[in-house]
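Letter by letter, the sequence shown follows residues 240 to 398 in the working numbering. Data first, discussion second: the structure below is written as structure tokens.
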Amino acid sequence: MFDAQSPSLLETPLALPSGQIIRNRIAKVAMEENLADGTHLPGAQLRQLYRTWGAGGAGLIITGNVMVAADAVTGPGGVVLDAQQPVAPFREWAEAGKAEGAWMWMQISHPGRQVFVATHATAIAPSAARVDMGKHSSLFFEPRAIPRQISERSSTSSP
Ligand SMILES: Cc1cc2nc3c(=O)[nH]c(=O)nc-3n(C[C@H](O)[C@H](O)[C@H](O)COP(=O)(O)O)c2cc1C
């Protein structure tokens, strides 16, 4: 039952097995904002947005998708972190989100077959099966299947 005298569960810190202590139980979930700059880097808009969320008191901010392959993005403003991208904009993005004490975790993603034809990207997935969304299926690429050696290697590696 709600007790106005004691701190609510929402305000109670959460200690994770990793040792991280999240200051409360409020988390911003992964939500792709499509606000990257023209080179798929986090720029002023994303810094401002995450600074605002951090200042709002959330204990944890999980970024939207950060794609690991520049040729597979879900939209024009998607963030990409691959070997060609500079690290400094990501550091500044993290500093903005964490400025008021929130943790900020980056969601690392690959969209698999969920790539719109309109992005002019490419789609690679475990099998060459297009997203089935009825009459909207043609909006998505028919993906190329991941070569067998790669899919077998990833299924035997640690989780
Ligand atoms: C605009 C939008 C963008 C989203 N982007 C991501 C994303 O980048 N990564 C992810 O794992 N989920 C993403 N999601 C899914 C949300 O994290 C969440 O799981 C989903 O909205 C269901 O939660 P809800 O019922 O509280 O809305 C997105 C959802 C929305 C509405």
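Beta carbons are placed, not taken as given, at the ideal position from N, Cα and C, and that holds for glycine. Quick caveat, the model's predicted, so the values are computed rather than measured.
Alpha-carbon to alpha-carbon, residue j and residue i
i    : j    : result
R286 : H279 : 14 Å
G293 : G340 : 7 Å
R330 : H375 : 38 Å
G282 : V305 : 13 Å
Q324 : R387 : 28 Å
T358 : S366 : 20 Å
T302 : A269 : 5 Å
A338 : V356 : 38 Å
M345 : L249 : 23 Å
I265 : A308 : 30 Å
S257 : M343 : 15 Å
I385 : S247 : 48 Å
G399 : I300 : Summary: the structure shown does not reach residue 399, with the chain confined to residues 240 through 398, and so no result is reported for it.
T291 : E334 : 12 Å
R262 : P328 : 26 Å
Residues bridged to residue i [DSSP beta-bridge criterion]
i    : result
L253 : I261
L299 : A266 and W342
A384 : A364
Residue i, DSSP secondary structure in three states
i    : result
V312 : coil
V326 : coil
R290 : helix
V225 : Since the first residue of the chain shown is 240 and the last is 398, residue 225 is not available in this structure.
V370 : coil
P398 : Annotation note: pLDDT 46 at P398 (below 50); position unreliable, no value reported.
V319 : strand
S376 : helix
Close beta carbons around residue i, own chain, < 8 Å, minus the five adjacent residues each side
i    : result
T361 : D310, A311, V354, F380 and R383
I260 : P252, L253 and A254
Close Cβ partners of residue i (< 7 Å) along its chain, the five nearest in sequence each way excluded
i    : result
Q183 : Outside the shown range of the chain (240 to 398) lies residue 183, about which nothing can therefore be said.
G234 : Missing from the structure shown is residue 234; the chain here goes from 240 to 398 and no further.
G316 : N273, L274 and A275
P398 : Any reading at P398 is ruled out, since the residue's pLDDT is 46, under 50, leaving its predicted position unreliable.
Any chain D beta carbon closer than 8 Å to residue i
i    : result
Q323 : Absent from the structure is chain D; it holds one protein chain and no more.
Close Cβ partners of residue i (< 6 Å) along its chain, the five nearest in sequence each way excluded
i    : result
G351 : A364
M372 : none
A368 : none
task = Check each residue's C-beta against every heavy atom of ligand 1 and list, in chain order, those closer than 5 Å.
result = V268, A269, M270, E271, G303 and N304
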